[in-house]
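Going by our numbering, the first residue of the sequence shown is number 23, and it counts up by one from there.
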Amino acid sequence: MPVFVGETILIRIGGYADYDIGGGTFDISMVNAPPPPPGAPENDECSGAIEAVIGDNPIDTTSASDSIDPYSSGTSCNALGVMNQDVWYHWTAPGEGSLTVSMCNIVNFDTDLVIYLGNCTSKIEVACSGDESGCLVQSTGSAYASVVEALQVSAGEEYLIRIGGWGDGQNGTGNVNVQFVQALIESLTLSSVPGTAEIDCEAVVSGPCDSVVFAAGLGGSSQTTVNGPFVAGDLVTAALPVSSIQTMIEVCATPYIGNAPGSSFCDEVAVTGPITLEGCSAPLLAIPDAGEPVEDFIDISGDPSIVLWDLQIEAHIDHPDASQLRVDIFSADGTTVTLHNQPVGASGSIDLTWWQSGNANQPPYDGGGWMQPVGDLSAFTGANPIGRWTLSISDEISGETGILEEWCIRMYDTAPVPSSGQDLIIGDSNNLVMVGREGSQASFGSESVMCNGGTEPLDWFANPDPRHPMMAFNMFRLDSDRLIQIGGSWIKHGWSSAQADACGFGCNPSPTSTYTGVGCSDTYGASGNAAQINMGPRSEIDPWSGGFIYEGSFLQSDGGPWDQVEQRLSVEDDDLDPALHPGSIWISEVSVVHPGDIDHTTNHAWEPIGVTGSPGGNWSMNMSAQSQLGTVQAAWPGASIEVVQPLPAIDGRCYLAHKVTDNGDGTWHYEYSLYNHDMGRNAGSFSISVASNVEVTNIDFFAPTIHNVFFSNDDWSAVRDGEGITWSTTDHASGASANPLRWGFLYNFGFDADAAPETGMAILGVHSPSAIPYIEAEVATPPTAPPAPLLRRGMCNLDGVFDIADVIFLLSYLFSSGDEPLCDDACDSNDDGNLDIGDGISMLGSLFNGDAPPAPPGPTDCGVDPTEDALGCAQNSEGCL
């Protein structure tokens, strides 16, 4: 019973019934009241933010309340939560440099972190952090804390640091660590000329340093060091080659004093392939206040066979309030994409380039640079860009007018590539099962183990969102003389991820199934991977960029019913029967495309499998072997493997394996297997250089049957000419009647020749229109040019004797329209590279004056001309075989 100081308490005691009477004692005890609950912390709201100092700052959110100030993940952070029971700090930058705010391993609760520039009445969110891989809650090993690293700040800028719990009810105590590193780079200017695959860098230093390191790409994959010493005001320049194009690439300039790095200054630049088509218009077109849309046009002309893979739209629109505007673009075929649509909080004009690979769409819109549009520009991918493109602008809210000053379109035949920290790596599959049969075809489902070996959680969103793994399953057979493909599935689209550790990387699990945490894995079972409801054709996916559009796809409309082999990995009984292929080895492959995957060399793996069973029955597969990362051609004993990819990397690669076998009868067998791993433009021809005097027989081609009603399975034709052998399908313009080597498939080419191998050239012809239509690779080939004729110098008339008749033959040719020598080099007795009177004088001197004999190889021995010149020989000299 609660009592209070000074209160009088009356206590009345009596019997329960008429006869209940008696005596005794009673006890009274009292304990002190519990202390009142603590009040909200001083920094519970923005107005009470306490100053953060360099180093550790205590934090306690156990009695904090929820602030109503807005926040979002729009500043590119991962897994931001609900900002439960948040507290506030303020900090002022002492100079130019970088700010790091971290709670890694120093708080006891799962956190959210948001940083604003400004004060409580006027603030802009500049950074955020929810669950960060490798940043753990103290003593948990699994829950995540928050960190913002290397936020660029300027002297005198005021920042607000807001920290709360990631989920409802999450609060706690610990420390917030604040660090500042002063900058010695005053500015960084970046540019890249389209098609150069190079970034030009200019950094101005603001203080003394010994060197500046420029690094581009994830992990500084391309970097160069420029040595000083430098003083304030010095301009430091560098040119950085890069391997990726059609993407934004971050470049950081880091000053060093001795071996100690200072604060890095980072910026981004667009790196693209050559501009295929472009057009501009400067209409100075008035935009009426709250009126009908106004339109301007750009007519694009050029090769009608060009295919559009990527585009940018640059616009300069003078208007006082961009939040009132809507901007759309219409392609020549009528496809529409919204570029800009009345964003909340926008102000000022529009001065930018819309690009799907640009930065997130958010205010301000008048700072130049590259920004993603509201819609998706990949809607134009694969279209013919020729014709009229229309830009439509409308002012949707009354009060202001504007002017469309200028706009431009730049088009590329190069697809964008990922630039994330996500790295999908294939793990060890252990199960391949037969799931159905139609006649002589058996169908299979394969287990797939996918691990995230990157530095960021791996996207795993279900359709219609394209950010998920897309799995292809293949089967091959290694015979005594070659490796061939005998089956290939459609694409299995992933939809949700578990958080296991199948690859042994050490799993930091994602809190949601829409990501695979760093180091984590997810395994899809064999039977589930054969479920046709989530399968679509490979042709709807760009294997280089991972691009996929669900709207309008075959997958969207395909609800079945399906037979037992459709879309699945299906193989003919005759290709599986060990009795028909004694000594052969069967191989299973898993290949996965993911739009965020930065390393395509580890997204496919193969392993040998044991096959038992009989035609018409059930086939059993033994997958006890260990999966091997990389191309399946590594299973082909004695073969050499070359990577065939355009440079710069405007598209993916093929792997070309080659092997030469001595037939033992004076001939050699040349075998080539070409595997298209991730080349979106496909391969349409394949050529091997072979000299005209080499006899070629048994020219062969093999391709697996592609089970797709939209594709041709016609064999490639083979042509032997004076330069070599060329296999080819029909050209791109022939449409579905062509059978190019598409991604995830392997084709074979072979022949016999009566000449031993040398190093020659293979040429891959790209099937779809491309700025780089042919790609070369050095491989084993027969001799690629006829051997140089053997000659005996001075024997001009080829009668087998060096005498005065040779001089007369030469002079007759030079001055009397006599017969042309059959070997000019033999007549060039002084080997000066010319046929003239000097050669006649040289021969006469040798014959009659005791002068030196004609130049090597001379008139006695057979040999080739040791010097390069324009002269040649149509045949060997007499006596030279």
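By construction, the Cβ of each residue, glycine as well, lies at the ideal position given by its N, Cα and C atoms. Since the structure is predicted, the reported quantities are computational estimates derived from the model, not experimental observations.
- Residue pairing from DSSP leaves Y387 without any beta-bridge partner.
- Annotation: the continuous beta strand (DSSP E) that includes Y181 extends over E180 to G187.
- For the beta strand (DSSP E) assignment, the uninterrupted runs of no fewer than 3 residues enclosed by the segment 280-346 are, from N- to C-terminal side, 287-293, 299-303, 307-309, 316-322 and 332-340.
- The beta carbon of I267 sits closer than 7 Å to the beta carbons of A219, V293, T294, G295, T436, P670, A671 and I672 from its chain, once the five residues preceding and following it are set aside; these are given in chain order.
- Residue state for Q578 is assigned as helix, using DSSP reduced to three classes.
- With a threshold of 16 other beta carbon atoms within 10 Å, I81 meets it and is buried.
- Classified as buried, Y694 has 16 or more neighbouring CB atoms from the shown chains inside 10 Å of its CB.
- If you compare the alpha carbons of A778, T727, I710 and E780 with that of S750, the shortest gap goes to I710.
- Y796 counts as exposed, since fewer than 16 other C-beta atoms from the protein chains shown sit within 10 angstroms of its C-beta.
- M643 counts as buried, since at least 16 other C-beta atoms from the protein chains shown sit within 10 angstroms of its C-beta.
- In this structure, G152 keeps its C-beta atom at 9 Å or more from the C-beta atom of A382.
- A Cβ-Cβ distance of about 18 Å is found for the pair V136 and N197, leaving them out of contact under the 8 Å criterion.
- Annotated three-state conformation of L844 is coil, per DSSP.
- DSSP, reduced to helix, strand and coil, places E118 outside both helices and strands of the structure shown, so it counts as coil.
- Ranked by Cα distance from P604, the first of L500, D854 and P533 is L500.
- When the Cα atoms are used, G782 and P808 turn out to be separated by approximately 13 Å.
- In terms of CA proximity to I408, L299 leads the group A464, L299 and A758.
- The Cβ-Cβ distance between T133 and W188 falls below 9 Å.
- Look at V829 here: in three-state DSSP terms it is helix.
- L413 is classed as buried because its beta carbon has at least 16 other beta carbons within 10 Å across all chains shown.
- Using a Cβ-Cβ distance cut-off of 8 Å, the segment 631-639 and the segment 783-791 are not in contact, since fewer than three pairs of beta carbons, one from each stretch, lie closer than that value.
- For Q507, the pairing in a beta bridge is given by DSSP as F498.
- Linking L399 to N406 through their CA atoms gives a straight-line distance of about 14 Å.
- For the pair of segments examined, the segment 202-218 was found not to touch the segment 94-112: the number of CB pairs separated by less than 8 Å stays below three.
- Rounded to whole angstroms, the gap between the alpha carbons of G509 and T752 is 23 Å.
- The beta carbons of F708 and Y769 sit closer together than 9 Å.
- With fewer than 16 other Cβ atoms from the protein chains shown falling within 10 Å of its own Cβ, A39 counts as exposed.
- When DSSP states are grouped into helix, strand and coil, M865 belongs to the helix group.
- Assignment of L374 by DSSP, reduced to helix, strand and coil, places it in the strand class.
- By the Cβ criterion, the segment 521-530 is not in contact with the segment 581-600, since fewer than three pairs of Cβ atoms, one from each stretch, lie closer than 8 Å.
- Rounded to the nearest whole angstrom, the CA to CA distance from N453 to A647 is 11 Å.
- Residue nearest to S462 within the set I447, S592 and S468 is S592 (criterion: CA-CA distance).
- Approximately 6 Å separates the beta-carbon atoms of V886 and L812; this is inside 8 Å, confirming the contact.
- Residue pairing by DSSP puts I609 in a beta bridge opposite F498 and P630.
- Residue state for Q394 is assigned as coil, using DSSP reduced to three classes.
- Relative to the Cα of E588, the nearest Cα in the group C288, I571, P559 and I607 belongs to P559.
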